[in-house]
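These notes are about the structure you will find just below.
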Amino acid sequence: MADHPTDNASLKRSPLHDRHAALGAKFAEFGGWSMPLEYASGVVKEHTAIREAVGIFDVSHLGKAMVKGPGAAAYVNATLSNDLGKISHGQAQYTLCCDDETGGIVDDLIAYLHDDEHVLLVPNAANTAEVVRRLAASAPEGVTVVDRHDDFAVLAVQGTKSDEVLAAVGLPVGHDYMSFVEAEFGEGSGNGVVVCRTGYTGERGYELIAANDIAGDLWDALMAAGEQFGLLACGLGARDTLRTEMGYPLHGQDITLDVTPNQARLGWAVGWKKESFWGRDALLAEKAAGPARVLRGLLATGRGIPRPGMNVSLTPDVLLCEVTSGTFSPTLRKGIGMALVPSFVDADAEVGVDVRGRREVFQLTKPPFVDPSVREA
């Protein structure tokens, strides 16, 4: 993510852009959108608010695609990696769109199963058009795939006090992890909000999908209600440190079209027993042979902070790979990261990371780096 002027006409804007500007947000380009990177409070305070109290993110840059029609759910299940047959109506599922020939990850996304004829997909911003293109190209007669990227806002309320904040504005809380409820917000009808127990932080929380025309009122209400609970507006900087602490991969860094679910340790999001999904043959073959590389965590033993693109070596003379994600962990107060490490390297080996010309020692580990509370009842 790079700093970017807020008035760049080439970037898309969230329907909440002016509210972020009023809060003094520092903006950055992300996936073709101008989004808040951080506010005056700073990344560390925003990160800590999520871990200890509650925060709110605008993640409206995330895609929204509707798959509708007779057999819509069956079609999604025959193309995307995870098994929709394992969940019920009103539940959501993490899944992958893979290339049919190579098994590489086109995108990772959340599928909301409304019913057999309606699935809402939430891909990453930069990949929405490609996911929609692939699904639309092979959709059976009667099934439509429509890009609704610009029609809905997405807000994420995350943290131990998230239930209290949502309840204060009249939204339903307490439903199971990865389930969603359709609710009304405010007076009158037609102000529908999808309230889902999902998130990208490792903490208990919710993601709210609402039409653009009510997004501002919803944001204002949540900000006002959250004040007593210590709620902070949080930007993509804190979102990145939080997800890295959990070992959640970011498409474009940790996972790409050149990385498979086997390599990314995402085999749990593949319905291996399904008869059909894109990339099935290639992924089964790779799984049987064993992937040549695996996404592993990097935990600093000293003061080094890894950054994407830094070289990772087994010894000073044996280069292994590059850091895919790296940051300073506000929770652990040390550097953490991830890298696609060759499989021949021991899972708990010590490696070196070239941090500005110094070889800093890191321990390979299996994320998460901190204990998650996302599934707490």
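Per the working numbering, the very first residue in the sequence shown carries number 177; after that it's consecutive.
Heads up, the beta-carbon is just placed ideally off N, CA and C, and yes, glycines get one too.
For GLY443 and GLU363, what's the separation of their Cα atoms in angstroms? 44 Å
| Residues in its own chain within less than 7 Å of HIS325 by CB, not counting five upstream and five downstream? | GLY239, LYS240, THR304
Review point. Unbroken alpha helix (DSSP H) runs of length 4 or more, entirely within the segment 417-469: which are they?
Key: 456-465
**Prompt:** Along the chain, which unbroken stretches of the alpha helix (DSSP H) at least 4 residues long are found entirely within the segment 246-279?
**Reply:** 248-255
For a test of the three-state rule: what should DSSP assign to THR224, helix, strand or coil? helix
Considering only C-alpha positions, which residue in the set ALA465, THR417, ALA344 is nearest to LEU407?
ALA344
Q. For GLY533, which three-state DSSP category applies?
A. coil
Query - Close beta carbons around HIS180, own chain, < 8 Å, minus the five adjacent residues each side - result: Model confidence at HIS180 stands at a pLDDT of 39, short of 50, so the residue's coordinates are unreliable and nothing is read from them.
For HIS294, list the residues DSSP reports as bridge partners.
LYS244, ASP291
Span of the alpha helix (DSSP H) around VAL308: 304-313
To which residues does DSSP link THR320 through a beta bridge? LYS244
Q.
Distance check for GLU358 and GLY208, CA to CA, integer angstroms please.
A. 29 Å
Out of curiosity, what's the CA-to-CA distance linking GLU462 and THR500?
22 Å
Looking at the unbroken beta strand (DSSP E) that takes in GLU340, where does it start and where does it end? GLU340 -> not in any beta strand (DSSP E); alpha helix (DSSP H) instead, spanning 338-344.
Exercise. Is THR541 helix, strand or coil by DSSP?
Worked result: strand
Bridge partner(s) assigned by DSSP for THR491
VAL494
- Identify every residue that forms a DSSP beta bridge with TYR382. VAL333
- Message: GLY378 and VAL157 - do their beta-carbons sit closer together than 8 Å?
- Response: Outside the shown range of the chain, which is 177 to 553, sits residue 157, and nothing can be said about it.
Three-state secondary structure assigned by DSSP to SER186 = coil
Report task. Alpha carbon to alpha carbon, how far is THR420 from PRO484? Give it in angstroms, no decimals. Result -> 12 Å
Item to complete: Determine the direct distance from the alpha carbon of GLY247 to that of ASN253, and round the result to whole angstroms.
Response: 10 Å
> Which residues does DSSP pair with VAL499 in a beta bridge?
Replying inline: ALA515
Looking at the secondary structure, which residues open and close the beta strand (DSSP E) in which ILE481 lies?
ILE481 -> no beta strand (DSSP E), and no H or E assigned at all.
Option nearest MET514 by Cα separation, candidates ARG441, ASP275, SER217: ARG441
6 Å Cβ shell around PRO544 - same chain, five flanking residues per side excluded | MET422, GLY423
Quick one: Cα of GLU360 to Cα of GLU277, how far?
-> 43 Å
Through-space distance from TYR288 to SER264, alpha-carbon basis: 10 Å
Local Cβ density within 10 Å of ALA552, reported as buried at 16 or more and exposed below that:
The sequence shown places Glu at residue 552, not Ala. Result: exposed.
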